[in-house]
Each structure stands twice: as C-alpha cells, then as structure tokens.
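Counting in my numbering, the sequence shown runs from 1120 upward without gaps.
We put the CB at the ideal spot given by N, CA and C, even for glycine.
Here's the structure, in structure tokens; my notes come after.
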Amino acid sequence: MNAVILAVTVMLALSLMRVNVVLALFLGALTGGLSGGLDIHETITAFSEGLGGGAGIALSYAMLGAFAVAISRSGVPEWMAGKIIKKVKSDARTNGRNSLKYGVFVMVLLMAFASQNLVPVHIAFIPVLIPPLLSAFSAMNIDRRQIACLLTFGLTATYMLVPVGFGNIYLMQILGGNLQKNGLDIDLSLMPSAMMIPVSGMFLGLLFALFVSYRKPRSYHVEQSQLVQDEEVTLNKASVVSVVLAVASALGIQLSTGSMALGAATGFIIMILGRVVCWREADDVFAQGLRMMAACGFIMISAAGFAEVLRTTGDIPVLVNMVENLVGGSQPLAAFMMLLVGLLITMGIGSSFSTVPIIATLYVPLAMALGFSPLATAALVGTAGGLGDAGSPASDSTIGPTAGLNADGQHDHIRDSVLPTFLHYNLPMIIFGWIAAMVL
C-alpha cells in the first residue's frame, strides 16, 4: 500500500480510537516511513527534522494562551458573557431565546470572518473570546459542535474565497502563483471565481450542521455560582483601556512583523504595565496560558514531523502517478481521484497552504493533459488543497476551535471538532469541487 495512504489511515484510525493525537501522528509517521522504504533510523531522523517546522507555530500558540489568560484577568470577556447570560434569562421569559442564539451564531461567524481579512489574526481571537462565553453557551444549551462548525467555516471558507488578508496569500500567492509556475496560463483575478462553487458546498454543509445535525439542545455542566459571577462582573476603566491598547498593539506588531508570537508577547507586557496582571503573578498567568495551549502546540509540532516523513518517502508523487494510470483519460474519474488524493495529503499535513505547492506540481500537468480548462484546473487544485484543512486532527482550523471550546474540559477534539467539520465540509467540497471541475 502507498505510504501516504497507510500513514494517514493509521493516524485517523488511532485518533478515532481515542489515542492521543500526538501519539497517533507519531505512530502514523512511523508506519508510513517504514512502509515507504525508510528504515527506522531514517524515519525518526525525518520526523525529528520536521519538528522544527512546527516550533514557530507552537511558540505562537503558547504566547496567545498567555495573552488570552491576561485578558481574562481584566474582566472584559466575563462582562460580555454576563450581558449575554442576563439576556438569556430575560428572553427565557419572553420566548426570545432562539433569536439570541442565532445572534450569537452570527457574532461568532463574523469574528471568524474578520480574523482572516479585516483583522487578520487567524485563530488568535479564539482562546481570548470563546472560553469566557462558554457559560453563556451552556445557559442557552447550545451544542458546541455548532460553534466548532461556525468557527471552522469562518476560518477556512474566507481565505478560500475572499482575496484579502490570508485569502490574498492563499488565492493569489500560493494557488495562483503555483498554477502559473507550473505552466498554466490563467488570470489571477479568476481565483475567487474558481473557488465559488466548492465554497458554496461548505456553506450548505454549515446550514445542515446548524439546523439539522446539531439543532437539538445539549447540556453541559456549569456551576450555578459561575453564572451568577458572570452576571455580576463590573469593569474597571483602566483595565479596559489597557486591554484595548494591548489588543491594538498586538495586532499592529503582528501585521508589521508577521510574527503572531511577538504580537502576543507585546500585548502581554502591556497588560502587565497596565496592572491588569500583577507583576508578582505574571509567571503564574503565563504558565496557565502555556498549559491551556500546550496540547495544541504539541499537535502542530508533531504534524510538521508527520508531513516531513511523508515527503521523505517520495510516495506523494507516486500516489498521483497511480491516479494518472488509473483514470485512463476520463475527466470525471480523474477529477474525483485528484480531489480524494488531495484530501488524504492535506489530512496528513494539516495545512492547505503547505499542500498546494506539493500537488500543483503534479496536478497541473495532469489536468492540462486531460483537457481541463484553466478555471477548472484552478478549482481542482484549490479544492484539493483546501480539502482536509477542515476536518484534519492536525489542522489549526480544528485545533483552534477546540482550544477555545474545551477550556472547561467538555469538548473532545476528535468527536466534537474533527468529525463534525470533516462530515459537513469535506464531503460537500468533494461533490461541489467535482461539479466545478466539470462545468467550468
């Protein structure tokens, strides 16, 4: 069996059996390396060399965790949650709870949209804003899988369709740039048009998740004292000013330097100088943030090692060659197989941004040889790269939502983030990506 298929299958199977994701990634990489012709030493070496690729992201996650805990000390997120809880109790008497719930859905979705372009902080907002709102979600009996689907949709659909912020990087620089680099003559302004049909499939999946799959109320344990505490939070004006200044500075530093870690560290320092966090307690606050995001950081580090093993085996181009030999000149079959292979690769690597440069080199010549139009080729490569970003255990599009929703230990990464997003986004994207390849 191809090493890529075997490694991803082992990793996903172990994750579904509740094996820790980090261990599942390591064992999957070990299986893939050995089956791909590497010996145990070469596999471990490749995995170790790849770990460095995830270290920067892990450091950013750690800094974000510390920054999030510092902001929570200001009382601003709790004050926001308290306002929502009061509104929940008021609407319970006037039968207006559904309107409030949908208002929360819209708010979460808009925050996720803005994190990709308007205020391009990616997942940085999740550990800051979501944990304090968990008691409000529980008061409304919201199934957190709905929130996970909303967050993941906002994180992924936006960069796949809107050419601003991260969308500009994905659509214009990565997707369009790699298409042209591999010999496809296409206008970069057409990238959003190529992705419109696949993203519409994701949107239908989101609607199905919200109004069909997870529409029923779900109860979570929440201390009654916590609900009262959230309602009674009062704001200190100096703390609010410090929070606003810290967030603005963190955003400005990130945008100017491209470093999420430096931005979060700057925000944390400002919170100390503004006395939101006492200097003597700064170490404890930082350690608390590290603990909150440690699992996410280790997953990203392990995912980088896993991806490096897959590349080292050389079985990724072999997998694509298998597809070319299998389809026998059939466009419909070729489109389906290319999307399926893209799903497997991205599920393992965990990043569409890293997958596109790999598959574009192989897919563009194949698509041109089979007679796909430039727009259809762009849709195939863009969709194949995006497939798996929503639904991969190692993707920040699922790790980020879990980091926020599991702050109280009641949201499972695999069953409550990975499986819901995989079922509601990847399956529709395969169908609608195939349609796009056939009609464009």
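- To the nearest angstrom, how far is it from the Cα of Val1442 to the Cα of Leu1546? 20 Å
- Keeping to the same chain, check which residues put their C-beta closer than 8 Å to that of Ile1316; ignore five residues upstream and five downstream. So the qualifying residues of the chain are Ala1498, Phe1551, Gly1552, Ile1554, Ala1555, Val1558 and Leu1559.
- Query: How do the stretch 1480-1496 and the stretch 1522-1535 stand: do at least 3 beta-carbon pairs fall below 8 Å, yes or no?
  - Reply: no
- For Phe1256 versus Val1223, is the C-beta distance shorter than 9 Å? yes
- Message: Residues in the same chain with beta-carbon distance under 8 Å from Leu1133, minus the five sequence neighbours each way, listed in chain order, please.
- Response: Leu1142, Ala1143, Leu1146 and Gly1147
- Test item: CB-CB of Gly1519 and Leu1274 under 9 Å: yes
- Does the distance from the C-beta atom of Gly1386 to that of Ala1189 stay below 9 Å? yes
- Please report how far the alpha carbon of Ser1344 lies from the alpha carbon of Arg1192, in whole angstroms. Its pLDDT being 49, under 50, Ser1344 is placed unreliably by the model, and the measurement read from it follows with that caveat. The straight-line gap from Cα to Cα measures roughly 18 Å.
- Task: Assign His1530 to one of two classes, buried (16 or more other C-beta atoms within 10 Å of its C-beta) or exposed (fewer than that).
- Result: Result: buried.
- Query: Nearest-angstrom Cα distance between Gly1286 and Ala1276?
  - Reply: 9 Å
- Task: Kindly indicate which three-state DSSP category Leu1489 falls into: helix, strand or coil?
- Result: Three-state DSSP puts Leu1489 in coil, outside helix and strand.
- Message: Suppose the cutoff is 7 Å on Cβ atoms and the five residues either side in sequence are ignored; what does the same chain contact list for Asp1434 look like?
- Response: Asn1121, Ala1122, Val1123 and Gly1155
- Message: Can you confirm whether the stretch 1443-1456 touches the stretch 1257-1267 when touching is taken to mean that 3 or more C-beta pairs between the two stretches lie within less than 8 Å?
- Response: Remark: fewer than three beta-carbon pairs, one from each stretch, lie closer than 8 Å, so the stretch 1257-1267 and the stretch 1443-1456 are not flagged as touching.
- Message: By alpha-carbon positions, which one of Thr1517, Leu1463 and Ala1453 ends up nearest to Leu1489?
- Response: Ala1453
- Query: According to DSSP, which residues form a beta bridge with Leu1506?
  - Reply: As computed with DSSP, Leu1506 is found in a beta bridge with Ala1509.
- CA-CA distance, Met1259 and Lys1220? 7 Å
- When DSSP labels each residue in this structure, what does Pro1436 get in the three-state scheme? helix
- Among Ile1418, Val1363, Ser1358 and Ser1375, the one whose alpha carbon lies nearest that of Cys1397: Proximity to Cys1397 across Ile1418, Val1363, Ser1358 and Ser1375 peaks at Ser1358, based on C-alpha coordinates.
- Message: Under DSSP, the alpha helix (DSSP H) around Asp1158 begins and ends at which residues?
- Response: Premise fails: Asp1158 is in no alpha helix (DSSP H) and is neither H nor E.
- Query: Does the beta-carbon of Asn1217 have 16 or more other beta-carbons within 10 angstroms, so that it is buried, or is it exposed?
  - Reply: exposed
- Query: How about Thr1465 and Gly1505: do their beta carbons lie closer than 9 Å?
  - Reply: yes
- Message: Across the stretch 1246-1256 and the stretch 1300-1318, are there enough close Cβ pairs to call them in contact, namely three or more that are closer than 8 Å?
- Response: no
- Message: Which complete alpha helix (DSSP H) runs does the stretch 1268-1353 hold, if anything under 4 residues is left out?
- Response: 1296-1300, 1310-1327 and 1343-1350
- Would you grab the beta carbon distance between Asp1535 and Ala1328 for me? Rounded to a whole angstrom, and I think it's under 8 Å. Between Ala1328 and Asp1535 the Cβ distance is about 12 Å, and since that is not below 8 Å, they are no contact.
- Message: In this structure, how does DSSP classify Ile1464 when only helix, strand and coil are distinguished?
- Response: helix
- Task: Hey, could you find the ends of the alpha helix (DSSP H) Trp1553 is sitting in?
- Result: Leu1546 to Val1558
- Message: Using only the alpha-carbon positions, how far apart do Tyr1289 and Phe1186 sit?
- Response: 27 Å
- Message: Check this for me: beta carbons of Ile1584 and Ser1471, under 9 Å apart or not?
- Response: Residue numbering for the chain in the displayed model covers 1120 to 1559; residue 1584 lies beyond these limits and cannot be assessed.
- Same chain only: Cβ atoms within 8 Å of Leu1157, ignoring 5 sequence neighbours per side: Ala1165, Val1428, Thr1431 and Thr1432
- Message: Quick check on the DSSP output: the alpha helix (DSSP H) that includes Ile1245 runs from which residue to which?
- Response: Ile1245 to Ala1258
- Item | N- and C-terminal bounds of the alpha helix (DSSP H) containing Gln1373 | Secondary structure note for Gln1373: its alpha helix (DSSP H) is the uninterrupted segment Lys1356 to Thr1376.
- Quick one: residues in its chain with C-beta nearer than 6 Å to the C-beta of Phe1541, no 5 flanking neighbours on either side, listed in chain order? Only Gly1510 meet the Cβ criterion.
- Message: Measuring only the C-alpha atoms, how far is Asp1402 from Met1230?
- Response: Their Cα atoms are separated by approximately 30 Å.
- Item | Contacts around Pro1539, its chain only, beta-carbon distance under 8 Å, and the 5 residues preceding and following it disregarded | Arg1264, Ala1267, Cys1268, Ala1328, Ser1332 and Tyr1333
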